[in-house]
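All remarks here apply to the structure that follows.
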Amino acid sequence: MRSLLTTDERDFLLWREGDQVPVSDLEGKIVGLYFSHNSYRSCHQFLPTLKDIYNKLKERAERFEVVFLCIDDDEDSFKNYLKDMPWLAVPFGDKIIRELATRFELNAIPSLVIIGPDGRTLSSDGSFYIHSHGIDAYPFSQEKLSELDEIEKSRAESQTLESLLVSDELDFVLGKGGIKVPVSELVGKTILFYFSRKICLPCQALTPKLAEVYNAIKAKHPDDFEIIFVSCDNDEKSFEEYYSVMPWLVLPYNDKRETSLRYKLRSPSGLPHLEVVGPEGRTILKEARELVAFHGSNAYPFDENRMKEMELRLEEMAKDWPEKVKHKLHAEHELVRARFGLYFCNGCEELNQGWIYMCDECYFGLHPKCALEEEEEEEEAKEIGMEENEEHGDQGQGTSCDGWVCKGEACYKA
1 MRSLLTTDER
11 DFLLWREGDQ
21 VPVSDLEGKI
31 VGLYFSHNSY
41 RSCHQFLPTL
51 KDIYNKLKER
61 AERFEVVFLC
71 IDDDEDSFKN
81 YLKDMPWLAV
91 PFGDKIIREL
101 ATRFELNAIP
111 SLVIIGPDGR
121 TLSSDGSFYI
131 HSHGIDAYPF
141 SQEKLSELDE
151 IEKSRAESQT
161 LESLLVSDEL
171 DFVLGKGGIK
181 VPVSELVGKT
191 ILFYFSRKIC
201 LPCQALTPKL
211 AEVYNAIKAK
221 HPDDFEIIFV
231 SCDNDEKSFE
241 EYYSVMPWLV
251 LPYNDKRETS
261 LRYKLRSPSG
271 LPHLEVVGPE
281 GRTILKEARE
291 LVAFHGSNAY
301 PFDENRMKEM
311 ELRLEEMAKD
321 WPEKVKHKLH
331 AEHELVRARF
341 GLYFCNGCEE
351 LNQGWIYMCD
361 ECYFGLHPKC
371 ALEEEEEEEE
381 AKEIGMEENE
391 EHGDQGQGTS
401 CDGWVCKGEA
411 CYKA
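Residues 1 to 414 (full-length UniProt numbering) make up the sequence shown, in order.
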């Protein structure tokens, strides 16, 4: 545990009142590394659940501890947040926070990474197991988690729209103007759950495209299709402003089903996220963003055939493209061809999907059109240069034609 949580300058953690506790006190314990942010509504929704499980394990004298790693950039916020926590914390702004976030490939907030007594990672998905199974997830052993995964598999196979959307007296969603739409009226339809947030740039780019697709599908299949917006906004004003541009249904803001849906569907953490539930109530596609962007309204009914068609067309599209390219916009590293979901091209700054030429080291990416444009220009330049040399017999002197300067087989834009 020392190798994870200490630095050359620090070998302690903080208690909520600021007292220092040696990291060595954690040796031999199961530790949950809790990555959280004070301004994230999802973190405040998860915190009571985690505190309840933590206190129950403490009452049983289990050797379990939680360590808070704050990714907030406001120290006062960190101090106030910590006061509401019964566990330890890494000091605010400590470099180990960023290092551990990278090491565990943190891509969701909140996240609970479970570390065993021997310092090995037991699960990077502790928040899911805690929320879905409570204290029964302890001690997070491989045997225990395998057992819980089997339970989840059975749940998924028997999933219905009612099991996803009905909770106690909450048996409706909202339409435009706040009209209550009973869940019973949605049974038998293909439903897309749209997890999105106003301040997310890819979300802002996808929403108008999705609205066009929604309207086109509804025109053809008015009784068979619907989208439900599940807000990930951190304040109600943002939620209301964002939903005002959407034509579909929505879960009420701060509805407890927002959280339960994320865990029941075990949705990927990236935003925007589109999950498809078929007419029988079972998930038929975990992520439909790429399918919608590629096929538009023809993505309906979002089944395996549409996915196979997209895959074949994408492979055909790239069959003559090089595996790697060099580009002046990122001259320090080669860009490698890869499949990718939605992304913003660092060249044209437009939203794209499907293929990308990417530098994993720098997280720099170009759409194939932008990445290959330079290569095509070089090939064209060579051809022009060769034609000029053949015509004028030039073997080394620079010649100029239509804005090109050519020397031998190499031509450059004047």
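Just so it is clear, CB atoms sit at the ideal spot from N, CA and C, and this is done for glycine as well.
Being a predicted model, the structure only gives us computed values, none of them experimental.
- If you compare the alpha carbons of Ile53, Cys70, Phe68 with that of Glu62, the shortest gap goes to Ile53.
- If you compare the alpha carbons of Pro247, Thr121, Arg262 with that of Ile179, the shortest gap goes to Pro247.
- The DSSP-derived three-state label of His333 is coil.
- The closest CA to that of Ser39, considering only Pro22, Phe68, Tyr81, is found on Tyr81.
- With fewer than 16 neighbouring CB atoms inside 10 Å of its own CB, Asn215 falls in the exposed class.
- Annotation for Phe172: Lys180, Val181, Pro182, Val183 place their beta carbon closer than 7 angstroms to its own, counting only its chain and skipping 5 residues before and after.
- Distance check between Leu271 and each of Ser77, Arg289, Leu261 places Arg289 closest, using alpha-carbon atoms only.
- Just so you know, the alpha carbons of His367 and Tyr343 end up roughly 9 angstroms apart.
- If you draw a straight line from the Cα of Lys176 to the Cα of Val277, it is about 22 angstroms long.
- Gly354 is bridged by DSSP to Phe340.
- By the 16-neighbour rule on beta-carbons within 10 angstroms, Thr190 is buried.
- In the same chain as Arg306, and ignoring 5 residues on each side of it, the C-beta atoms closer than 7 angstroms to its own belong to Leu291, His295, Ala299, in chain order.
- Counting along the chain, the unbroken beta strand (DSSP E) around His273 starts and ends at 273–277.
- The shortest CA-to-CA distance from Leu170 to any of Glu17, Thr121, Tyr253 is the one to Tyr253.
- By DSSP's assignment, Thr7 forms no beta bridge with any residue.
- Each of Lys83, Leu88, Ser124, Pro117 was checked against the Cα of Ala101, and the nearest Cα belongs to Ser124.
- Rounded to the nearest whole angstrom, the C-alpha separation of Pro86 and Arg2 is 21 angstroms.
- Judged by beta-carbon spacing, Phe193 lies within the 8 angstroms limit of Leu265, meaning their Cβ atoms are closer than that value.
- DSSP places Tyr34 within a strand segment (E or B) once states are collapsed to three.
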